[in-house]
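Visitor:
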Amino acid sequence: MTTSAIRRTEALARGNSPAVATRNRQHSLRQHIWVCLTVVSAVFLAVSAASIIGRATVARAVDELSGPVTALQSQVEALRRAYGDQETGQRGFMLTGNPVSLQPYDAGVDAAASLTDTLTADVAGDERGRELLGAVTAAAARWRTQVAEPQIAARRAGPLGPEQQAAMALQGKTLFDELRTPLRAMTAYTTERAEAQLRRIDSAQRIANAVQFTGVAVLALVVIGAVIVVKRRLTRPVDDLLVEVKAVAGGDYDQPIHPTGPRETAELARAVEQMRLSLLASTDRLVDGELRDEQARIAADLHDRVIQRVFGLGLGLTSAAARRNPDLEAFIDETDAIIHDLRDVVFNLHQSISAPVRSSRLRSAIIDVVEGSVGALGFTPALQFEGPVDDAHVRPLAHAAALAVVREALSNVARHAQADAASVTVAVTGLDLRIIVRDNGIGVSDADTMGNGRANIATRATNLGGSARIYNASPGPGTVVEWAAPLDPP
Numbered sequence: 001m002t003t004s005a006i007r008r009t010e011a012l013a014r015g016n017s018p019a020v021a022t023r024n025r026q027h028s029l030r031q032h033i034w035v036c037l038t039v040v041s042a043v044f045l046a047v048s049a050a051s052i053i054g055r056a057t058v059a060r061a062v063d064e065l066s067g068p069v070t071a072l073q074s075q076v077e078a079l080r081r082a083y084g085d086q087e088t089g090q091r092g093f094m095l096t097g098n099p100v101s102l103q104p105y106d107a108g109v110d111a112a113a114s115l116t117d118t119l120t121a122d123v124a125g126d127e128r129g130r131e132l133l134g135a136v137t138a139a140a141a142r143w144r145t146q147v148a149e150p151q152i153a154a155r156r157a158g159p160l161g162p163e164q165q166a167a168m169a170l171q172g173k174t175l176f177d178e179l180r181t182p183l184r185a186m187t188a189y190t191t192e193r194a195e196a197q198l199r200r201i202d203s204a205q206r207i208a209n210a211v212q213f214t215g216v217a218v219l220a221l222v223v224i225g226a227v228i229v230v231k232r233r234l235t236r237p238v239d240d241l242l243v244e245v246k247a248v249a250g251g252d253y254d255q256p257i258h259p260t261g262p263r264e265t266a267e268l269a270r271a272v273e274q275m276r277l278s279l280l281a282s283t284d285r286l287v288d289g290e291l292r293d294e295q296a297r298i299a300a301d302l303h304d305r306v307i308q309r310v311f312g313l314g315l316g317l318t319s320a321a322a323r324r325n326p327d328l329e330a331f332i333d334e335t336d337a338i339i340h341d342l343r344d345v346v347f348n349l350h351q352s353i354s355a356p357v358r359s360s361r362l363r364s365a366i367i368d369v370v371e372g373s374v375g376a377l378g379f380t381p382a383l384q385f386e387g388p389v390d391d392a393h394v395r396p397l398a399h400a401a402a403l404a405v406v407r408e409a410l411s412n413v414a415r416h417a418q419a420d421a422a423s424v425t426v427a428v429t430g431l432d433l434r435i436i437v438r439d440n441g442i443g444v445s446d447a448d449t450m451g452n453g454r455a456n457i458a459t460r461a462t463n464l465g466g467s468a469r470i471y472n473a474s475p476g477p478g479t480v481v482e483w484a485a486p487l488d489p490p
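For the sequence shown, UniProt numbering begins at 1 and goes up steadily by one.
1) In or out: Gly134 buried (at least 16 other Cβ within 10 Å) or exposed?
2) Quick check on the DSSP output: the beta strand (DSSP E) that includes Asp432 runs from which residue to which?
3) Counting only the same chain and skipping the five closest in sequence on each side, list residues whose C-beta sits under 6 angstroms from that of Thr380.
4) Which stretch, first to last residue, makes up the beta strand (DSSP E) that contains Arg469?
5) So, at 6 angstroms on beta carbons, what are the nonlocal neighbours of Arg8 in its own chain, with the 5 sequence-adjacent residues on each side left out?
6) What residue range does the beta strand (DSSP E) around Thr425 cover?
7) Beta strand (DSSP E) containing Thr479: first to last residue?
8) Which residue wins for smallest C-alpha separation from Ala111, given the options Val76, Ser101 and Arg142?
9) From the DSSP output, which residues share a beta bridge with Ala382?
10) Could you tell me if Gly129 is buried or exposed, where buried requires 16 or more neighbouring beta carbons within 10 angstroms of its beta carbon?
11) For Gln418, name the three-state secondary structure that DSSP assigns.
12) Would you kindly report the start and end of the unbroken alpha helix (DSSP H) that includes Pro104?
13) For His258, name the three-state secondary structure that DSSP assigns.
14) Who are the near neighbours of Ala398 in its chain, counting only those whose CB is closer than 7 angstroms to its CB and skipping five residues on each side?
15) Can you round the beta-carbon distance between Gly261 and Leu242 to whole angstroms, since I take them to be within the 8 angstroms contact cut?
16) Please determine, among Thr459, Val426, Gln146 and Gly478, the residue with the shortest C-alpha to C-alpha distance to Val413.
17) What residue does the alpha helix (DSSP H) around Ile207 start on, and which one ends it?
18) Ignore the nearest five residues each way along the sequence and tell me which others in Gly387's own chain have a CB closer than 7 angstroms to its CB.
19) Among Arg144, Arg155, Ala409 and Asp420, which has the Cα closest to the Cα of Ile470?
20) Grab me the residues of Ala226's own chain with a C-beta within less than 8 angstroms of its C-beta, minus the 5 sequence neighbours each way, in chain order.
21) As a quick exercise: from Gly108, Asp202 and Thr118, pick the residue whose alpha carbon is nearest that of Pro68.
22) Please name the residue in Asp239, Leu95 and Asn209 whose C-alpha comes closest to that of residue 491.
23) Please work out which residues of its chain come closer than 6 angstroms, Cβ to Cβ, to Ile442, disregarding the five sequence neighbours upstream and downstream, and give them in chain order.
24) Give the DSSP-derived three-state secondary structure of Asp252 in the structure shown.
25) Taking buried to mean at least 16 other C-beta atoms within 10 Å of its own C-beta, is Pro150 buried or exposed?
26) Please state whether DSSP places Pro150 in a helix, a strand or coil.
27) Return the CA-CA distance between Asp293 and Val481, expressed in angstroms with no decimal places.
28) Among Val394, Ala402, Ser423 and Gly215, which has the Cα closest to the Cα of Asp488?
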């Protein structure tokens with residue numbers, strides 16, 4: 001197992017301990033919902049209470065208007081009528097001398113006395129009201145003592161002459177006009193009180209409406225704030241988690257999953273992160289399997305080519321020694337060829353057992369393989385990427401196979417092609433992953449048998465449901481290796 005796999009296994013064993021340390025400090029989704037509901041309910045209750053208080057103030061003002069103020073207006077109007085009845089009865093009796101004419105006068109006196117007592121109690125706490133009522137009472141007493149009572153007594157004594165009646169009428173009118181003045185002032189006073197109460201009602205109504213509208217606005221702002229908080233604390237972490245999970249599902253296993261947001265979302269993120277680490281460990285195991293396959297291939301090459309030739313060389317040397325043939329130059333050349341093959345095998349073994357992938361991203365991994373082949377090739381191959389290589393949904397098996405194909409193709413160039421230039425093209429389309437390796441070497445002939453390397457390239461494509469072709473470049477010298485494997489659907 002590689003060092004990175006060991007580190008990932010240790011991370012899995014630790015259980016992501018930093019996240020565990022912060023787990024208890026995260027609030028749950030239920031707690032967030034309860035906080036939002038509590039704030040909204042509190043604001044709603046405050047708005048309702050303020051609205052009720054405002055409406056109660058308006059109701060009290062209306063009750064006061066319909067109660068004491070309206071009653072005061074009615075009593076002042078009734079007092080004015082009572083004094084008017086007194087004047088009417090007094091003047092009628094003065095003209096006719098009929099005692100029946102005094103009935104309005106007597107009723108007015110009784111009514112005025114009763115109303116005066118009531119008004120005195122009603123305006124006891126109002127200095128201006130007391131002053132006006134006192135002025136009315138004083139003017140009424142002067143008219144009654146100086147005009148009404150003396151003239152009624154004189155008329156009861158007998159008929160009055162025209163001149164005497166005219167003088168009495170003029171005196172009565174003068175003093176009654178003096179009574180009308182405070183009566184009008186008293187009426188104006190009650191009207192002012194009613195208008196002031198109406199203004200108070202209007203003001204209370206405006207305040208109540210303003211409080212209600214303000215409360216509704218505050219409630220709306222709180223609801224909007226709750227929506228923003230929910231979006232920030234729930235929707236955004238879920239969206240971020242979805243983006244990270246999609247990246248991992250697309251093959252970017254180096255993308256960490258951050259446990260943010262409410263406790264439930266964080267727990268889900270931790271579970272996905274643990275799954276990601278497990279996938280990384282599985283990928284490392286797959287790579288280790290590929291390494292073992294490469295070692296098996298090298299073992300087959302050693303068995304089929306090098307060992308057989310060494311065995312044949314041994315037989316030849318034995319035969320030559322038996323015949324005492326001094327001409328061993330051909331065997332020496334064969335020995336040099338065997339040494340060359342052994343060097344190739346050692347190179348392939350070194351390439352296979354070295355860490356083939358420093359990054360789980362396909363682009364970076366291909367670059368690693370190409371850079372690792374420079375020493376054996378003696379030159380740097382041209383490398384070109386086409387399409388969304390890093391964003392493609394490449395399966396782990398296809399990922400490992402693609403790296404092995406590039407490595408195998410470049411190894412064949414180094415061993416057999418006698419080339420001084422090569423190129424690697426990695427293309428991602430909407431349907432498949434394609435790899436094209438070209439060189440300017442001697443090419444392949446129809447007589448060439450498919451060795452283990454070329455067979456491995458074809459087998460890797462077949463296992464993935466893809467295709468592979470190895471043919472001579474046309475026009476121009478060299479060999480072309482075309483390899484394709486289907487992509488996972490997004």
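Using N, Cα and C, we set each Cβ at its ideal position, and we do this for glycine too.
Guide: In brief:
1) Here the question's residue 134 lines up with position 134 in the sequence shown. Burial call: exposed.
2) Position 432 of the sequence shown, counted from the start, is the residue given in the question as residue 432. Taken as a continuous stretch (DSSP letters only), the beta strand (DSSP E) holding Asp432 covers Asp432 to Asp439.
3) Stepping through the sequence shown from its first residue, residue 380 is reached at position 380. Within the same chain, Thr380 has close Cβ partners Val374.
4) Translated into positions along the sequence shown, residue 469 becomes position 469. For Arg469, the enclosing beta strand (DSSP E) begins and ends at Ser467 to Asn472.
5) Residue 8 sits at position 8 when you count from the first residue of the sequence shown. Residue confidence is low: Arg8 scores 49 on pLDDT, short of 50, so the model does not pin down where it sits. No coordinate-derived value is stated.
6) Walking along the sequence shown from the start, residue 425 turns up at place 425. For Thr425, the enclosing beta strand (DSSP E) starts and ends at Ala422 to Val428.
7) Here residue 479 corresponds to residue number 479 of the sequence shown, with the count starting at 1. Thr479: member of the beta strand (DSSP E) spanning Thr479 to Pro486, first to last residue.
8) Residue numbering aside, residue 111 sits at position 111 when the sequence shown is read from its first letter. The residue with the shortest Cα to Cα distance from Ala111 is Val76.
9) Counting from one through the sequence shown, the residue named residue 382 turns up at place 382. Bridge partners of Ala382: Ser423.
10) Along the sequence shown, read from residue 1 onward, the residue named residue 129 stands at position 129. Here Gly129 is buried, its C-beta having at least 16 other C-beta atoms within 10 Å.
11) Position 418 of the sequence shown, counting from 1, holds the residue named residue 418. Residue state, collapsed to three classes: coil.
12) Position 104 of the sequence shown, counted from the start, is the residue given in the question as residue 104. Its alpha helix (DSSP H) spans residues Gln103 to Asp122.
13) Stepping through the sequence shown from its first residue, residue 258 is reached at position 258. His258 carries a coil assignment under DSSP once its states are collapsed to helix, strand and coil.
14) Translated into positions along the sequence shown, residue 398 becomes position 398. By the criterion of a C-beta distance shorter than 7 angstroms, Ala398 is surrounded in its chain by Leu433, Leu464 and Ala485, once the five residues flanking it on both sides are discounted.
15) Sequence index remark: in the sequence shown, residue 261 carries index 261 (1-based). Sequence index remark: in the sequence shown, residue 242 carries index 242 (1-based). Wrong, their Cβ atoms sit about 12 angstroms apart, outside the cutoff.
16) In the sequence shown, residue 413 corresponds to position 413, counting from 1. For Val413, the nearest C-alpha among the options comes from Gly478.
17) Translated into the one-based positions of the sequence shown, residue 207 becomes position 207. Counting along the chain, the alpha helix (DSSP H) containing Ile207 begins and ends at Pro162 to Val230.
18) For the purposes of this step, residue 387 is identified with residue 387 of the sequence shown, where counting begins at 1. The residues Ala427, Val428 and Thr429, in chain order, have a CB closer than 7 angstroms to that of Gly387 in the same chain once the five nearest residues on each side in sequence are set aside.
19) Within the sequence shown, numbered from 1, the residue matching residue 470 stands at position 470. If we check each option's Cα against that of Ile470, Ala409 comes out closest.
20) By one-based count along the sequence shown, residue 226 stands at place 226. Cys36, Val39 and Val40, listed in sequence order.
21) For the purposes of this step, residue 68 is taken as the residue at position 68 of the sequence shown. When each option's Cα is compared against that of Pro68, the closest is Thr118.
22) The shown model of the chain, from 1 to 490, leaves out residue 491, and the question about it has no answer.
23) One-based indexing of the sequence shown puts residue 442 at position 442. If we look at Ile442 and ignore the five residues flanking it on each side, its Cβ neighbours are Gln418.
24) Walking along the sequence shown from the start, residue 252 turns up at place 252. DSSP places Asp252 in coil when its eight states are reduced to three.
25) By 1-based counting over the sequence shown, the position of residue 150 is 150. With fewer than 16 other Cβ atoms inside 10 Å of its own Cβ, Pro150 counts as exposed.
26) Translated into positions along the sequence shown, residue 150 becomes position 150. The three-state secondary structure of Pro150, taken from DSSP, is helix.
27) Residue 293 sits at position 293 when you count from the first residue of the sequence shown. Residue 481 sits at position 481 when you count from the first residue of the sequence shown. In a straight line, the C-alpha of Asp293 is about 21 angstroms away from that of Val481.
28) As a position in the sequence shown, residue 488 is number 488, starting the count at 1. Ranking the options by Cα distance to Asp488, first place goes to Val394.
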